[in-house]
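Colleague:
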Amino acid sequence: MLESFSPIRVCMSHAFANLVTEFGNSALLLALTGLVAAWLLATRQTREAGLWLVVVIACTGIIAALKIYFSACPVDGWALHSPSGHAGFSAMVYGGIAHFTRHRQRPLQTWLLRGLVLFLVLAIAWSRLALHAHSGFEVLLGLGIGSAALLGFVVLSRAQPLRPLPLWLVIPGVLLLVWLWHGHAVQFEDWLAQIARSLNLRTLWCASAH
191 MLESFSPIRV
201 CMSHAFANLV
211 TEFGNSALLL
221 ALTGLVAAWL
231 LATRQTREAG
241 LWLVVVIACT
251 GIIAALKIYF
261 SACPVDGWAL
271 HSPSGHAGFS
281 AMVYGGIAHF
291 TRHRQRPLQT
301 WLLRGLVLFL
311 VLAIAWSRLA
321 LHAHSGFEVL
331 LGLGIGSAAL
341 LGFVVLSRAQ
351 PLRPLPLWLV
361 IPGVLLLVWL
371 WHGHAVQFED
381 WLAQIARSLN
391 LRTLWCASAH
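Residue numbers (the working numbering): 191 to 400.
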């Protein structure tokens with residue numbers, strides 16, 4: 191009797207993983223990055239706006255470069271073909287938003303938001319495994335890059351933002367963007383693989399690596 195429900199459970203789990211992974215959509219995260227930068231500029235936090243954009247570009251650039259390289263030269267023994275951009279980009283962007291929304295007079299709100307962001311990022315990482323989009327090592331590598339970028343940003347930015355990013359703007363904004371981008375994922379993965387092929391990196395890099 192229970193076995194008859196197994197396909198239903200698998201289908202529900204797959205549907206839930208698809209929903210969660212939408213929060214790591216690159217197009218959504220790029221839009222959030224732009225909105226945060228716009229808010230920083232509007233509140234005259236120009237130093238943080240510039241630093242925010244530089245660190246996000248560096249984070250995504252490193253992940254993209256590794257995707258191109260491992261697309262040409264996969265490490266089969268480690269199941270490493272493409273670091274998870276969903277996991278890495280999510281850790282950087284959502285972690286950065288948590289950094290900007292912290293409030294010295296509301297420590298409970300700050301810690302609750304940090305816990306929520308941690309749960310969301312880990313859920314996105316899990317969704318990549320559940321959908322068989324990445325191996326465990328690829329997800330961990332993506333998380334590591336995103337977390338390192340976030341740490342660098344927090345260290346380099348001011349200890350306390352001039353004006354905390356309002357939650358009433360963040361949460362509805364994220365949900366609205368998820369709804370708008372639902373089912374319209376940008377296939378950066380395919381583009382990067384095409385770049386690796388067009389540059390003939392398998393011959394140039396893999397041969398020299400061996």
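A virtual CB, placed ideally from N, CA and C, is assigned to each residue, including glycine.
DSSP on LEU270, reduced to helix/strand/coil?
Modeller: Strand.
Colleague: If you draw a straight line from the alpha carbon of SER261 to that of SER325, how long is it in whole angstroms?
Modeller: So the two alpha carbons sit approximately 14 Å from each other.
Colleague: Within a Cβ cutoff of 7 Å, which residues of the same chain sit near ALA288, ignoring the five residues on either side of it in sequence?
Modeller: Excluding sequence neighbours, ALA288 sits near LEU303, ARG304 and VAL307.
Colleague: Quick check on LEU231: buried or exposed, where buried means 16 or more other Cβ atoms within 10 Å of its Cβ?
Modeller: LEU231 is exposed by the Cβ-count criterion.
Colleague: Taking a contact to mean a Cβ-Cβ separation below 8 Å, would you say GLY336 touches SER280 in this structure?
Modeller: In this structure, SER280 lies closer than 8 Å to GLY336 by Cβ.
Colleague: Rounded to the nearest angstrom, what separates LEU359 and THR291 at their Cα positions?
Modeller: Rounded to whole angstroms, LEU359 to THR291 spans 10 Å at the Cα level.
Colleague: Under 7 Å Cβ to Cβ from LEU426, same chain only, skipping five residues before and after it: list those, please.
Modeller: The chain is shown only over 191 to 400; residue 426 falls outside these bounds and no answer can be derived.
Colleague: I need the boundaries of the alpha helix (DSSP H) containing GLU238, first residue and last residue.
Modeller: Looking at the DSSP string, the run of the alpha helix (DSSP H) that includes GLU238 is 236-262.
Colleague: Suppose you measure from the CA of GLN299 to the CA of ARG348; what does that come to, to the nearest Å?
Modeller: Cα-Cα distance, rounded: 20 Å.
Colleague: Can at least three beta-carbon pairs, one atom from the segment 269-279 and one from the segment 314-333, be found at a separation below 8 Å?
Modeller: Short answer: they touch.
Colleague: Report back the beta-carbon spacing between ILE361 and GLY214 to the nearest angstrom; my notes put them in contact at under 8 Å.
Modeller: Wrong, their Cβ atoms sit about 17 Å apart, outside the cutoff.
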